[in-house]
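Participant: Have a look at this one before I ask anything.
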Ligand code: GTP
Ligand code: MG
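In UniProt numbering, the protein residues as written are 340 to 701.
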């Protein structure tokens, strides 16, 4: 099936499988990550959808009984400088009912989970539009929803337009937060007029875009914003199957003096557990320890959870795919094959590897 889809001989696929340490026959069922890796090896750019398609077909026979359930939305806040992105996130975090337990000290891991009265939401704290574009160009789509923050006293500015372009190009729905409505010169209608030119027509003007008027400073409209996030999430019908092996994306990663390579991973499907073997970008590893976004040790993490993983063989890039595989051999074989491929392409391109890049890999 897999061979036919790629228009290659089945024997070639079997040979590749053997190369990965998987003994296969013609009618062998291979799991989703193996299928992805093989396809990549044949030079196919594997898109999420295609992976799922191949994977699900091949998995049907193997991993039945899996049940998809609603998962929390993953939300990114974007907007022009100083329009109040951080303030809104801070205000939202204050509503977190779980926050008190952690003593209010929030470990910053680039993404965090909020338990609101309206439901759970995961916020990705991306360091700006560049990171969003970078991730998207690498095929990493981690955001389900964008909150576009526009200051009511300032209106649509350059970075507002940029954010709209990025979100629309990625096909991610936008929810508008018209912020700073407490200001004397606030003019929410002007914001609505300006944004309408970009196709973001408010519901009360006959359009489909949800607008929330907020004051992060005075804590106005924050609950309503959270409720609307949940409402949009419900319409998107975000599903995941917690019974599968975990799959996710790296949000950020670094080398920690005491703990080695550490990555913030957003789980997109399945459940990640301590001891799981995985491939991440061109590296591999075994989950040695995990922490949640509040720095607490955890043993497992389900769909949409942002977590910090320890036990990587190197520092991956933001946007790299994180996939749990069956065993250590598989993890190592795949990461070796991948890092060789990276080196090959770098050499083939005659690329002068910058010093930065060199150090990045050490
Ligand atoms: P960058 O991260 O630099 O792009 O800015 P930002 O969008 O995160 O804005 P930030 O939350 O840092 O807010 C910028 C300034 O606006 C701060 O001085 C805030 O106190 C102020 N501010 C944010 N929200 C409100 C609001 O609702 N009302 C008023 N009056 N001021 C606000
Ligand atoms: Mg900020």
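Beta carbons: idealized from backbone N, C-alpha and C, even for Gly.
With DSSP run on the structure shown, which of helix, strand or coil describes residue 486?
Facilitator: strand
Participant: I need the straight-line Cα distance from residue 576 to residue 409, nearest angstrom please.
Facilitator: 7 Å
Participant: Quick one: using the 10 Å Cβ neighbour count with 16 as the cut-off for buried, is residue 605 buried or exposed?
Facilitator: Buried is the call here.
Participant: Name the DSSP beta bridge partners of residue 452, please?
Facilitator: 461
Participant: Please tell me whether residue 423 and residue 506 are closer than 9 Å, where the distance is taken between their beta carbons.
Facilitator: no
Participant: Give the secondary structure of residue 513 by DSSP, where H, G and I count as helix, E and B as strand, and everything else as coil.
Facilitator: strand
Participant: Are the Cβ atoms of residue 617 and residue 681 separated by less than 9 Å?
Facilitator: no
Participant: If you check the beta carbons only, do residue 416 and residue 485 fall under 9 Å apart?
Facilitator: yes
Participant: State the start and end residues of the unbroken alpha helix (DSSP H) segment that holds residue 624.
Facilitator: Per DSSP, residue 624 belongs to no alpha helix (DSSP H); it is in the beta strand (DSSP E), 622–630.
Participant: Give the DSSP-derived three-state secondary structure of residue 613 in the structure shown.
Facilitator: The DSSP-derived three-state label of residue 613 is coil.
Participant: Nearest-angstrom Cα distance between residue 534 and residue 527?
Facilitator: 11 Å
Participant: Counting only runs that start and end within the region 648–693, where is the alpha helix (DSSP H) found for 4 or more residues in a row?
Facilitator: Here the runs fully enclosed are 667–687.
Participant: Between which two residues does the beta strand (DSSP E) carrying residue 606 extend?
Facilitator: 599–608
Participant: I'd like the list of long-range same chain contacts for residue 558, defined as Cβ closer than 8 Å, with 5 residues on each side in sequence excluded.
Facilitator: These residues qualify, in order along the chain: 430, 433.
Participant: With a threshold of 8 Å, establish whether the CB of residue 518 neighbours any heavy atom of the ligand GTP.
Facilitator: Yes, since a heavy atom of the ligand GTP falls inside the 8 Å radius drawn around the Cβ of residue 518.
Participant: Which whole-angstrom value is the C-beta distance of residue 487 and residue 499, which I expect to be below 8 Å?
Facilitator: 7 Å
Participant: Hey, would you say the C-beta of residue 562 is under 8 Å away from at least one heavy atom of the ligand GTP?
Facilitator: Using a cutoff of 8 Å, the CB of residue 562 does not count as near the ligand GTP, since none of the ligand's heavy atoms is closer than that.
Participant: Helix, strand or coil: which one does DSSP assign to residue 502?
Facilitator: helix
Participant: Roughly how many angstroms separate the alpha carbons of residue 669 and residue 570, rounded to a whole number?
Facilitator: 41 Å
Participant: Residue 652 and residue 674: beta carbons closer than 9 Å?
Facilitator: Yes. Within cutoff.
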